[in-house]
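To convert, take the position in the sequence shown, counting from 1, and add 105; that gives the working numbering. Every residue, glycine too, gets a C-beta built ideally from N, C-alpha and C.
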Amino acid sequence: MTANLLLIGGGHAHVTALRWLQKHPCPDVSITLINPRAYAVYSGMVPGFVAGHFSRSEVEIDLGRLCTDSGADIIHDSIIDLDPIRKRAMGQSGKTYSYDLASVDVGIVSAPPSVSDSKMDLIVKPMSPFVEAWDQVSENLSGGVAIVGGGLGGVELAFAVRHRMRFNGLPDTVPVSLVDQSKILSASSPSLRRALRKKLTSGCVDILEDTEVRGHYDGRLELASGQSLTAQLVLWTAGGRAHDWLAQSGLKARNGFPVVAASLQSISHPDIFIVGDAASIPDKHVPKAGVYAVRQGPVLMQNMIAKSRGAPLQDFAPQKDYLKLVSLGKRAAIAEKWGLTVQLPGLWDLKTWIDRSFVQD
Ligand SMILES: Cc1cc2nc3c(=O)[nH]c(=O)nc-3n(C[C@H](O)[C@H](O)[C@H](O)COP(=O)(O)OP(=O)(O)OC[C@H]3O[C@@H](n4cnc5c(N)ncnc54)[C@H](O)[C@@H]3O)c2cc1C
């Protein structure tokens, strides 16, 4: 009998899962990918897109072609409800999708529930709506920009926005602010933190720490500290929470993120796998980074096929650290691994080569 495998979300892990399937065709499973759009955005190139180095098509992966090449079907829809007991997912279109096994790779929402996506408040993740919106607003940044969330992604975006402003002919007096409720780059190594802080300051990015955002109105970002920033546009890349429908699905979760075993299966509903940023893996250091999602894909696909056949599953073994190549707005990058930070002339080219190879694979 053919097992019906449903892949929800065209995230990085599902991309590499489908690429694995391309090389290892499996006739006894039927696979359907559900994603709102025909393309998935590759996050590593988004700061370069914001800075103006890459076009939208250069940072997007063609999911339709990927599905055709791997023998899977694709449906353009957005899941709004998941029922792990009846084994079905409900789409925004009103359609219901039944499955034997499902995998969820939908990433995170990078803004608090009080913020809704609008022309002047762009939620960076999910990224497809963000890159579409950036195309509309990037010519008009003269009212100032604030980035809320000072992780590596937020820092790269701050550099990218300043670069784009200069490219647009705007003076450095137009503010770019980076706001964090604690310290910026708190998850990064001390050497990377020091190097990037120095670059932010010399790159004319204002850093506002230990303060939450109270509101954004009339071109101003009001902070709990009492400061009021000039920011017509706000990019939200803060915190990162699970999609509401996933947090409310009944899967056993931690802070809304379903908890998975080393096999990437939900610990409460083993017919569902969760991968990428959407998953919580206890007792293992798995940062919410694309590198880990990419490595999960082949393990995920092999485990779904094994489960459909009643065969034993394998464990996902995350690497202990990974090479961070952090873009600096202009065509330059800083590299860090094992706490060692270097800045060399060829790093931007190396990063671009790695990123392009992934997108075009
Ligand atoms: C600016 C920035 C730069 C970054 N750079 C790097 C980097 O250089 N290296 C690195 O390792 N990490 C980087 N990251 C982190 C990286 O983006 C994430 O870790 C990675 O995208 C996680 O991939 P994922 O598989 O969880 O899914 P995602 O890439 O988040 O994709 C989720 C997919 O699910 C789809 N989806 C969402 N909701 C639904 C729904 N309801 N129904 C169906 N489909 C849905 C979306 O359209 C999307 O295609 C960066 C993050 C940011 C913000």
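**Study point:** Residues near residue 222 by beta carbon distance below 6 Å, same chain, minus five either side
**Key:** Taking the first residue of the sequence shown as position 1, residue 222 is located at position 117. Cβ within range, chain order: 228.
Review point. Should residue 140 be listed as close to ligand 1, given that the test is whether its C-beta is under 7 Å from any heavy atom?
Key: The residue given as residue 140 occupies position 35 in the sequence shown. Because some heavy atom of ligand 1 lies under 7 Å away, the Cβ of residue 140 counts as near it: yes.
Review point. Is the Cβ-Cβ distance between residue 430 and residue 455 less than 8 Å?
Key: Residue 430 sits at position 325 when you count from the first residue of the sequence shown. Residue 455 sits at position 350 when you count from the first residue of the sequence shown. Yes; because the gap between Cβ atoms is below 8 Å, this pair is in contact.
**Study point:** Pick from 354, 214, 249, 219 that is closest to residue 235, judged by C-alpha positions
**Key:** Taking the sequence shown and counting its residues from 1, one reaches residue 235 at position 130. Measuring C-alpha to C-alpha distances from residue 235 to each of 354, 214, 249, 219 identifies 214 as the nearest.
Check your understanding: Does the region 314-323 come close enough to the region 263-272 to have 3 or more Cβ pairs within less than 8 Å?
Key -> Result no; under three Cβ-Cβ pairs closer than 8 Å.
Check your understanding: Do you know offhand how far residue 195's Cα is from residue 108's?
Key -> Taking the sequence shown and counting its residues from 1, the one referred to as residue 195 is at position 90. Taking the sequence shown and counting its residues from 1, the one referred to as residue 108 is at position 3. Approximately 19 Å between the Cα atoms of the pair.
Check your understanding: Using a threshold of 7 Å, is the CB atom of residue 393 nearer than that to any non-hydrogen atom of ligand 1?
Key -> Residue mapping note: residue 393 aligns to position 288 of the sequence shown, counting from 1. Inclusion of residue 393 in the 7 Å shell around ligand 1 follows from its C-beta lying nearer than that to a non-hydrogen atom of the ligand.
Point to revise | At least 3 beta-carbon pairs within less than 8 Å: the region 247-256 vs the region 329-348 | key: yes
Check your understanding: By Cβ distance below 7 Å, which residues in the same chain neighbour residue 386 in space, the five residues on each side in sequence not counted?
Key -> On the sequence shown, position 281 is the one that residue 386 refers to. Closer than 7 Å at the Cβ level, and outside the excluded window around residue 386, lie 365.
**Study point:** Backbone CA spacing between residue 184 and residue 198 [nearest angstrom]
**Key:** As a first step, residue 184 must be located in the sequence shown, where it is residue number 79. As a first step, residue 198 must be located in the sequence shown, where it is residue number 93. Whole-angstrom Cα-Cα distance: 9 Å.
Exercise for review: Evaluate residue 201 with the Cβ neighbour count: other Cβ atoms within 10 Å of its Cβ, from every protein chain shown; 16 or more gives buried, anything less gives exposed.
Suggested key: What you label residue 201 is simply residue 96 of the sequence shown in a count that begins at 1. Exposed is the call here.
Point to revise | residue 229: CB within 7 Å of a non-hydrogen atom of ligand 1 | key: For the purposes of this step, residue 229 is identified with residue 124 of the sequence shown, where counting begins at 1. It does: the Cβ of residue 229 is within 7 Å (strictly closer) of some heavy atom of ligand 1.
Review point. Are there three or more Cβ pairs, one per stretch, closer than 8 Å when the region 284-299 is compared with the region 175-191?
Key: Counting Cβ pairs under 8 Å, fewer than three are found: no touch.
Review point. Which residues in the same chain as residue 442 place their Cβ atom closer than 8 Å to its Cβ, once the five residues preceding and following it in sequence are excluded?
Key: Residue numbering aside, residue 442 sits at position 337 when the sequence shown is read from its first letter. Cβ within range, chain order: 426, 427, 428, 429.
Check your understanding: What are the boundary residues of the alpha helix (DSSP H) that residue 410 is part of?
Key -> For this step, residue 410 is matched to residue 305 along the sequence shown. Element bounds for residue 410: 395-414.
**Study point:** First and last residue of the uninterrupted alpha helix (DSSP H) at residue 264
**Key:** Taking the sequence shown and counting its residues from 1, one reaches residue 264 at position 159. Counting along the chain, the unbroken alpha helix (DSSP H) around residue 264 starts and ends at 257-272.
Review point. Which term fits residue 414, buried or exposed, when burial requires 16 or more other beta carbons within 10 angstroms of its beta carbon?
Key: To locate residue 414, count along the sequence shown from 1; it is residue 309. Answer is exposed; the Cβ neighbour count stays below 16.
Check your understanding: Quick one: Cα of residue 132 to Cα of residue 274, how far?
Key -> In the sequence shown, the residue the question calls residue 132 occupies position 27. In the sequence shown, the residue the question calls residue 274 occupies position 169. Residue 132 and residue 274 have their alpha carbons spaced roughly 56 Å apart.
Point to revise | Residue from 451, 410, 418 whose Cα sits closest to the Cα of residue 432 | key: For the purposes of this step, residue 432 is taken as the residue at position 327 of the sequence shown. For residue 432, the nearest C-alpha among the options comes from 451.
Practice item. Assess, as a yes-or-no matter, whether the region 133-150 is touched by the region 397-413 under the definition of 3 or more beta carbon pairs within less than 8 Å. Key: yes
Check your understanding: Within 7 Å: the Cβ of residue 277 and any heavy atom of ligand 1?
Key -> Taking the first residue of the sequence shown as 1, we reach residue 277 at position 172. Answer for residue 277: no, Cβ out of range of ligand 1.
**Study point:** residue 423 to residue 401 span [Cα, whole Å]
**Key:** Working through the sequence shown from its first residue, we reach residue 423 at position 318. Working through the sequence shown from its first residue, we reach residue 401 at position 296. C-alpha separation (whole angstroms): 8 Å.
Review point. Cβ of residue 207 within 8 Å of Cβ of residue 111?
Key: Position 102 of the sequence shown, counted from the first residue, corresponds to residue 207. Position 6 of the sequence shown, counted from the first residue, corresponds to residue 111. Their beta carbons are under 8 Å apart, which means residue 207 touches residue 111 by this criterion.
Practice item. Pull up the DSSP beta-bridge partners for residue 327, would you. Key: Stepping through the sequence shown from its first residue, residue 327 is reached at position 222. Paired residue(s): 320, 333.
Exercise for review: Would you mind working out which of 313, 153, 384 sits nearest residue 347, comparing C-alpha positions?
Suggested key: Position 242 of the sequence shown, counting from 1, holds the residue named residue 347. The residue with the shortest Cα to Cα distance from residue 347 is 384.
**Study point:** Span of the alpha helix (DSSP H), counted from its first residue to its last, around residue 349
**Key:** Working through the sequence shown from its first residue, we reach residue 349 at position 244. Unbroken alpha helix (DSSP H) run through residue 349: 349-352.
Point to revise | Classification of residue 148 by the beta-carbon crowding that lies within 10 angstroms, buried from 16 upward | key: Here residue 148 refers to the residue found at position 43 when the sequence shown is read from its first residue. So residue 148 counts as buried.
Check your understanding: Are the Cβ atoms of residue 263 and residue 305 separated by less than 8 Å?
Key -> For the purposes of this step, residue 263 is identified with residue 158 of the sequence shown, where counting begins at 1. For the purposes of this step, residue 305 is identified with residue 200 of the sequence shown, where counting begins at 1. Yes, the pair counts as a contact, with Cβ atoms nearer than the cut-off.
Practice item. Please check the pair residue 123 and residue 175, which I expect to be a contact at CB under 8 Å, by giving their CB distance rounded to whole angstroms. Key: By one-based count along the sequence shown, residue 123 stands at place 18. By one-based count along the sequence shown, residue 175 stands at place 70. Contact flag correct, Cβ pair sits at about 4 Å.
Check your understanding: DSSP state of residue 195, grouped into three classes?
Key -> Within the sequence shown, the letter at position 90 stands for residue 195. It is a strand residue.
Practice item. Check whether the Cβ of residue 217 sits closer than 7 Å to any heavy atom of ligand 1, and report yes or no. Key: Looking up residue 217 in the sequence shown gives position 112. No, Cβ of residue 217 sits at least 7 Å from all heavy atoms of ligand 1.
Point to revise | Per-residue burial, residue 370 [other beta carbons within 10 Å of its own, 16 or more giving buried] | key: Translated into positions along the sequence shown, residue 370 becomes position 265. By the neighbour-count rule (16 or more Cβ atoms within 10 Å), residue 370 is buried.
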